[in-house]
Each structure stands twice: as C-alpha cells, then as structure tokens.
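Residue 507 in the working numbering is what sits at position 505 of the sequence shown, and the numbering runs on without skipping anything. Using N, Cα and C, we set each Cβ at its ideal position, and we do this for glycine too.
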Amino acid sequence: MNFLRRFHDIVSDQSKNFDEKIHKLLIFGLDVFNLDIAIISEIENSTYKVLYVITPDDSLTPETVFDLDGTYCVHTLTADAALTFHKASTSSIANHPCYLNFQLESYIGAPIKVGAKVFGTVNFSSPNASMPFTQEAHDYVELFAQWLGCEFARKIANEQLLKNNNTLLKLENVANIGSWEVDLVKDKIIWSEQTRRIHEVPDLYVPELDSAIAFFKVGNSRESISQAVESAIENGDKWHLELELTTANNKEIWVSTFGEAEFTNGCCIRLFGTLQDITESVMLREELKNKKAEAERMLEDRSMLLAKISHELRTPLNGITGMLTTLLDEHREEKRVEKLKVALRSADILLSIINEVLDFSKINHGELKLEPNHFLLKTIFVDLGSLYIPLFKDNKVNFQTCITIPDDCWAYCDNARLSQIVSNLLSNSLKFTEKGEVKFSADVSDLDDKYALHIEISDTGRGMTKPFLDSLFSPFTQEVDAKRSKGGTGLGLAIVKELIDYMNGTISVNSEFNNGTTFIIDIPLAVGEAQIESNQRLNVDIDATNLSVLVVDDNQINRFVLDASLEKLAIKADFAVDGEDAILKCKQRKYDLIFMDCVMPQLDGLEATKILRADNICNHESTLIVALTANTSSTDKVACKEAGMDMFISKPFKLHSIEDAVVTAIAKLN
C-alpha cells in the first residue's frame, strides 16, 4: 500500500519534469528492492546504452555503452517479462559475462516497451545476494516499466513534434495527438486527421461547435468542456482537462484536451489546442488504484488474521502452560492425570489452529496439493462416526449416522482431506447444537467411470442469519454474526469450500436462524484399486532390548521429548546434535534405528543421510533411517525418500508413530 502511494505521488507530481521524476523513481526503486545500482537503458539491436543510472560511487555514467549479450538484460528480453536473480553465483547464469566481470549477485529487471517495440530495460542490481524476490516485487518493477514506456512514448512524441513541425500529420498518428481549431469569426471548426480518428468519424466529417461538444460524455465531462470554452472566450483562460468522450462508434475513451484562446482588440477570434487519446494511461492509473485497494484489502485481511490467531492461540497455550505449571506441585495421581489430559487436549487444539492457518496460507498462495491414495471409502466415515459419538453424547445431543457405502468400495482420492472436510462440518454441528439431534449420512453411486459421493450433515442447532449465510465460506465470517460466534479462527469453512473445489465437488447449505442447518456435499471420486492391508504394529509388547537407536536433532527440547517417548519402550538412545555429529557416531558404532531431523545447522538430515547411504556406513539392510521433521509437504516427503530415508514421521508426533518405527527396525533384525 505504501509503495503504491509513493509511486503515485512521484509520477503525478506536476512540479517535476520527466528527468526529475525518473531520478526519484530510481532512488525509490533502490529503497524498495534494497539494492545498490539502478539503470534505465535503451537497447538497439545488440547495443545496450545507459540512459539514466545511480551507483554508490558514480562509477557508471549515462551514455555508457555495453554489448547486450554481456548484460543480464539479455535474459530479461528473452523472457519478455520481469526477471530476477537473488544469488547469481548459484544460479544458471553463474558463468554469464556480467557475473564474471561485475560479480552482480542480485538483479531484478523488466523490459520497457513503447507500443509493441522494446525500448530498453529498467533494472536494479547489487553485488550482494538478496532474499528471493516476491511476486509483489515482480509486479512493482513491471509497473515501473509500464509507466516508463508510456512516458518515453509521450516524450518521443513531444520531441518529434518540436523537431518536425512540417510532418504534423505523421506525428499525430504516432503520438495519438490530434489538433483542432475553432474560427469564431468564420464560425468554422477544423479538425486534424488524427482528431477525426480519435472521434472515429469519416475523413470528410465537418464538425460544429455544438456537435463537437456533444461527443463528450453527458455529465461532468460535457459540463467541464462547456465551462472551459466559455471561460476561454470570456476571460482568455487556458484549459487542460482529462475527460470522457464517446466516439461516433459508441466507443468510450479518455482524452486529454488542451485549449487556449486568441484575442484581437480584446475580442476572442480563435480557439485552438490538442486532443490526445489517453485511455491506456487512464486504465494504467485505474489499475494502480485497484492494486492499491487490493493491497489495502490484503493488509486488512492479514491484520485480521494475525489478530484472530493471536487471540485464538492464547486459550490452548494457557491450557498447556497452566496445567503443566500446576503439575509441578501436584502429588495426587488422579489430579495429575486429569491435568495432563487437559494439557494434551489443549495441545491438540493448538495444532489444529496451526494446521488451519497453514492450509489457509497454502490456499491463498496456490500451493495446496492433494495427495490421493487408494482406500476403503466406508472406513473414513465409520471412523469419524465412532469418534464423534461420545462427543455428542457428552453434550446430550442425539447423533444419528447412516453410512450406506459397500464394504468393498475402494476409492482413489486424498482421504486425509476428505476426512478433514467431514470432521470440520461435524465439529461445527457439535459446537452450535445445544439440544436436539445431528444427522450424518453418506452414500455412493456410480457416475460413468467414477463414484458420486453424497454427504449430508444436518442439525437442529442455532442456524444462521441471512447476512451470515451469504458470506459463510469467506474467511473470518464468524465476525458477521456475533450471536453465532463461539471462537475459532473463522477459517474452517473457507478451507472446506476450497478443498471441495479442489476435488471438483460442490457444497450447498440450507439454514434458518434458530431452526437448524443442513450441509450437502457432492464429490466425484476416481475408482480405487483394492490394496492388501497390512497391520505393521503388533498386538504384543515391544521387546527392544537389543535395538541400538540414535536420535539426531539440534533442538534440545526435541531430543528430550523423543528420549522420553523411547524410554516408555525401554530404549536408551544415543544423541547427535547435527548431521556431522551423526556421521561421526555412526562410524564409531552400528545403529539399527536412526531418527533424523531434516533441518539442522552445519549439515542437515538429508545430506547426512545421503552420505551415510553412499559411503555404506548405514545400508538399507541393516539400518532404518526415519525422517522426523516439521516439514510435511509432499515435496518434503519425496526429498526424504530420495535422500535414502525409509520412513517419514511429522512433528509433533504421536507415540504410535515411534512404536511403528521401532517395530519395523526390530523386524529387520529378525
């Protein structure tokens, strides 16, 4: 928002000439991108000429010429769009002459176009590496380039006008500027060829004063030009106006009109001036205003999100810290268990909030990806029903389920996200239904070569008001209806809607205030392949007596938590603080199981695993390496597998995940 305001202030400052505006823009750009060198160039064939430049030591001056192939801008022209490098030494251009000669690590630039022709480039660079450039940075430098293109076009046109008075018709065509004249003595109006083109009238069209004014749009535009003409005739006032005009072909455009009067013996005998089609410039300005409004909206959304999350995080954090603090002096076993359960429940709520925020962020940035797999469709809903039965029972709400899906129905989709959708809606029904009942039904039918999944969740709860219902799937909608709000981030239903859209499904809702709500979901599912189910965990006590375990994590708390979990399995583990330490310990002792954190200083878990596997220090047959990380995307999982890791456990982990890893390692020994 601040960027757009400052940019607008610079380019609209009527007290500054073209060169002064460019100088201020370059200084502004260096500040925005946090770089050292700013250049505006003109490019002809393979020649790169510096037109405007700012450097820390003034070592580069205007009119300096380079070979285009020796500059980063050759890549910008090839891309025909904004281009950035934040660390050239590690990029594909590390051997480019510009890097070899000038050691410029970071660069952002965009082509300047005058019409359809490339005029040159605007670029900012530095010998220091920068943070990766954001999409906003790309938009900003392209906005610079667009404005410069328009201004260079106008500057070229004006210079052409001054130098070539004898070629006015050609000049008008290039600059889209027409001239006009009103002879008040002869009552005659003369339009140049370009003025007629702007009005889209025939070449032989002869305007009159009233008909010429009638082209201006009814309202402010027509009133302004009429007043300007009257003031010029009466007082000799000049005018410069930007007005809306409707052409003979009913095309609405914006024009810039200049006019002044000529007097003889105190009497106005002539009006003359110019008319320029500035529709593109006005549209660019409107785009700038829209981007400013969008930036303000995004800032408001972000502020609302931060405020909401800050508020919501405090409750579970209070539950965790409060319960753990009181445990220090609690000696009654029953009370200790009770307080631990509250702390664990608070931790689950905290994790749920964090997951919602991460999902919302991924959706906003287009980074959410579904991870489909083959699974028995009915088990999802049976498990959810079993999970919510005791919760509704505690709230004294009747919970009815009707799952009419065949036991052998295998589907192929992201079952975790499907479960998230239904769980979120059931949680809402639980939250907003104080009495009565909640009904949950799921059935499936054949749809061509797919399944048509149909889900309904209805309750007799509070229902929703019309304003709340209209914005139900927008973030933070619970702020709309304070009567309905019961806490939460306000992101849940927005995420549900996005997930269903990702799955090419639909969701509709029927609700009446104080008379319940019904959600109806229809999702097409691919037919899955039957899988051989395996139960890796054993229903017997785990005997890890002979198991040697190494925990690799740079965080002391994480090491402590995993140590406590392994102690429950009677395992005494060794510890390493980073990848180099892990390799050293593995050379000194053979380990059957390694829990490896992925992100660590010195040498991270991925690189350490690659070395352990490549050097055969820990081969796949003898050592199970388990990734234990907070990075949980599908890309992270693939990276772990490619590095040589056998299993993947996300933080915060559940004890059964550790048990599964131990059981798998024991199976290797046998």
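| Query | Result |
| --- | --- |
| Cβ neighbour criterion (16 or more within 10 Å) applied to I24 | buried |
| Where G494 falls, given that 16 or more other Cβ within 10 Å makes a residue buried | buried |
| Distance, D450 Cα to S443 Cα | 23 Å |
| Residues near I502 in its chain [Cβ-Cβ closer than 6 Å; skip 5 each side] | I509 |
| Assumed close pair F597, V553 - CB separation to whole angstroms, cut-off 8 Å | 5 Å |
| Close-in-space but distant-in-sequence residues of the same chain around A667 (CB under 7 Å, 5 per side omitted) | L549, D594, L595 and L626 |
| Spatial neighbours of Y109 in its chain, beta-carbon cut-off 6 Å, leaving aside the 5 residues before and after | Y74, F87 and S127 |
| T631 - partner residues in DSSP beta bridges | S652 |
| Whole beta strand (DSSP E) elements within the stretch 420-456, 3-residue minimum | 439-449 |
| Where the beta strand (DSSP E) containing A84 begins and where it ends | Note, A84: premise wrong, no beta strand (DSSP E); not H, not E. |
| Check whether Q196 and G221 have beta carbons under 8 Å apart | no |
| Boundaries (first-last residue) of the alpha helix (DSSP H) holding A96 | Looking at the DSSP string, A96 is not in any alpha helix (DSSP H), and its letter there is neither H nor E. |
| Where the alpha helix (DSSP H) through F218 begins and ends | Where F218 is concerned, there is no enclosing alpha helix (DSSP H), given that its DSSP letter is neither H nor E. |
| Residue(s) in a DSSP beta bridge with D580 | According to DSSP, D580 bridges with nothing at all. |
| Three-state secondary structure assigned by DSSP to K485 | The predicted position of K485 is uncertain, since its pLDDT is 41 and thus under 50; a value taken from the coordinates is nonetheless stated next. Here K485 sits in coil by DSSP. |
| Neighbour-count burial assignment, K341, 16 or more Cβ in a 10 Å radius | buried |
| Assigned secondary structure, Y109 (DSSP; H/G/I helix, E/B strand, else coil) | strand |
| For K188, the three-state DSSP class (helix, strand or coil) | coil |
| Three-pair Cβ contact test at 8 Å for the stretch 519-536 versus the stretch 398-407 | no |
| Bridge partner(s) assigned by DSSP for G378 | Checking the displayed sequence, the identity of residue 378 turns out to be Leu instead of Gly. Paired residues: W412. |
| Cβ neighbour criterion (16 or more within 10 Å) applied to Q480 | The predicted model places Q480 with a pLDDT of 47, which falls under 50 and marks its position as unreliable; any figure quoted below should be read in that light. By the 10 Å Cβ count, Q480 comes out buried. |
| Alpha carbon of F9 to alpha carbon of S447, nearest angstrom | 57 Å |
| Paired residues, beta bridge with L626 - DSSP | L595 |
| Beta-carbon proximity check, K587 vs I619, cutoff 8 Å | no |
| Length of the line joining the Cα atoms of N125 and T248 | 39 Å |
| Unbroken beta strand (DSSP E) run spanning Y54, endpoints | T49 to I56 |
| The stretch 636-651 in contact with the stretch 598-610 per 3-pair CB rule at 8 Å | yes |
| S91 (DSSP reduced to helix, strand or coil) | helix |
| S71 (DSSP reduced to helix, strand or coil) | Per the sequence presented here, residue 71 reads as Asp, with Ser not at that position. Reduced to three states, the DSSP call for D71 is helix. |
| Neighbourhood of K485 by C-beta distance below 6 Å, restricted to the same chain and skipping five residues each side | Only weak support exists for where K485 lies, its pLDDT of 41 falling under 50; the coordinates are left without a value. |
| Limits of the unbroken beta strand (DSSP E) element including R334 | Here R334 belongs to no beta strand (DSSP E), and DSSP marks it neither H nor E. |
| Option in K592, N97, A572 and V601 with minimal Cα separation from D580 | V601 |
| Nearest candidate by alpha-carbon position, reference L614, set V231, I391, H98 and E582 | E582 |
| DSSP-derived helix/strand/coil call for N36 | coil |
| Short Cβ contact (8 Å threshold) for N417 with F377 | yes |
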